Amino acid sequence: MSSLATESKAVAVWCDNDNLWVKLADGRQLAVPLAYFPRLLHATPEQRAVCEMSGGGTGLHWPDLDEDISVQGLLQGRGDQTKRPG
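Numbering-wise, the sequence shown is residues 902 to 987 according to our numbering.
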């Protein structure tokens, strides 16, 4: 496994009223506006608080919201990738 892959793993995740925060193994902290993720934006604080890290910290999952976010996607600036009909 490369050093970059190790450093790009989440070790902590939390939300405030405006942002999704992710602390990475290398000490960096990402703040991403909740507006990028409508399910998180419209969730209650209690629902946002129930986040599971998957893949050893490479993915974030909110079971109550059916929301999955990759750490790599956050680093690449990708927001919600949900496909909508239309």
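Heads up, the beta-carbon is just placed ideally off N, CA and C, and yes, glycines get one too. The structure presented is a predicted model; accordingly, all values stated were derived computationally and were not measured.
According to DSSP, what are the bridge partners of Val914? Residue 914 sits at position 13 when you count from the first residue of the sequence shown. Paired residue(s): Val923.
For Pro934, name the three-state secondary structure that DSSP assigns. Counting from 1 along the sequence shown, the entry for residue 934 is found at position 33. If DSSP states are grouped into helix, strand and coil, Pro934 belongs with the strands.
To the nearest angstrom, how far is the alpha carbon of Lys910 from that of Phe938? One-based indexing of the sequence shown puts residue 910 at position 9. One-based indexing of the sequence shown puts residue 938 at position 37. Their Cα atoms are separated by approximately 20 angstroms.
What do you get for Val972, buried or exposed, if any count of 16 or more other CB atoms within 10 angstroms of its CB means buried? Position 71 of the sequence shown holds residue 972. Buried is the call here.
What's the call for Arg979, buried or exposed, on a 16-neighbour Cβ count within 10 Å? Translated into positions along the sequence shown, residue 979 becomes position 78. Burial check for Arg979: the Cβ neighbour count within 10 Å stays below 16, so the residue is exposed.
For Lys924, the nearest candidate out of Met954, Pro946 and Leu941 (CA to CA): Along the sequence shown, read from residue 1 onward, the residue named residue 924 stands at position 23. Of Met954, Pro946 and Leu941, the residue nearest in Cα terms is Met954.
Can you name, in chain order, every residue of its own chain whose Cβ lies under 6 angstroms from the Cβ of Leu931, other than the five neighbours on each side? Mapped onto the sequence shown, residue 931 falls at position 30. For Leu931, where only same-chain residues beyond five positions count, the Cβ hits under 6 angstroms are Val923 and Leu975.
Tell me the rounded alpha-carbon separation between Asn918 and Gly957. Start at 1 with the first residue of the sequence shown, and residue 918 comes out as number 17. Start at 1 with the first residue of the sequence shown, and residue 957 comes out as number 56. Rounded to whole angstroms, Asn918 to Gly957 spans 26 angstroms at the Cα level.
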